[in-house]
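For the sequence shown, the residue numbers in the working numbering are 369 to 616.
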Amino acid sequence: MTGRHVTPGASAPHQADHARRIWGFHRLASRVSIAVVAGVLGILAVGQFRGQAGAPALAALSATDLTQLIANLTAGNDQLRAEITDLRDQAAHLTEAHDRGETTVDELTGDLGRIRAWAGLTAVSGQGIAITVRGQLGGDGVEDLINELRNAGAEAISVDGVRIVTGVVVAGAPGALSVENNAIGDAFEIRAIGSPQILTGTLTRTGGVIAQIGTTYPDAQLTVTPVDMLTLPATDRTLVPAHGQPRL
């Protein structure tokens, strides 16, 4: 049997050419695959966009025009999202400012109410004590009681139904007392809003104001009674300073 003998030099060009053809085929296949995928994606995107739009004008646009249109819409959507975020931030700031404003108004209203109550411009209610006075008592004795109540922390005081504020004085000899030019009888009541325990203890302590008044006016009888709820009227006086002015 006669065998074929192929020299190495003769087969090398043939193998190299075969390798180039295989490499070229792979490159062509890759390009075709990429082109097919891109084409399918483009067709799907354009088809979906046209189907959603439903406008005849969009059907006449080229792929390039549609791509640009999509880019513009995307940019517009991004801008709208940014504006929505900005508006939400503004709404949050306005809500916080509104809440702070309401808090400030509530605080100012509360402060004003306390000032008006302290000044006697409004009626006030609360716990406190009632001092029943019977017998002969001079105006100085009543003023001593009022001063002692203030020193003990009384927040509001009234004598025979008249609110005690700046300028209101109880004066007169025993049996001829008056407050705000209104005569007071031999029996009347002094009311004070504050801590019943503190006010009672201050007035009735040994050597306190009631003991002193008993020495000066032995015919006067004073009874201190803690009360859970008292109501004191507002003053009738016009509390406008005649000489002083507020300094801001």
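Built from N, CA and C at the ideal position, the CB exists for glycine as well.
Less than 8 angstroms separates the beta-carbon of Val592 from that of Ile499. In the three-state reduction of the DSSP assignment, Asn549 falls in the coil class. Counting other Cβ atoms within 10 Å of its Cβ, Ala460 stays below 16 and is therefore classed as exposed.
Within the DSSP secondary-structure output, Val538 pairs in a beta bridge with Val547. Look at the beta carbons and you see the stretch 519 to 531 touching the stretch 563 to 575: at least three pairs across the two are nearer than 8 angstroms. One alpha carbon belongs to Gly506, the other to Val595, and they sit about 25 angstroms apart.
Around the beta carbon of Ser526, 16 or more other beta carbons lie within 10 angstroms, which makes this residue buried.
Collapsing the DSSP output to three states places Arg605 in coil.
Excluding the 5 residues flanking it on each side, Glu557 has same chain C-beta neighbours closer than 6 angstroms at Ala498 and Thr500, in chain order.
Only residues of its own chain outside the window of five on either side were considered, and among them Ala551 have a CB closer than 8 angstroms to the CB of Ala544, listed in chain order. DSSP places Val577 within a helical segment (H, G or I) once states are collapsed to three. Looking at the backbone, the Cα of Gln504 and that of Ala541 are separated by about 9 angstroms. Within the same chain, and ignoring the five residues on either side of Gln589 in sequence, the residues whose Cβ sits closer than 6 angstroms to its Cβ are Arg502 and Gly503. DSSP places Pro594 in the uninterrupted beta strand (DSSP E) bounded by Gln589 to Leu600. Glu511 and Pro609 have their C-alpha atoms roughly 23 angstroms apart.
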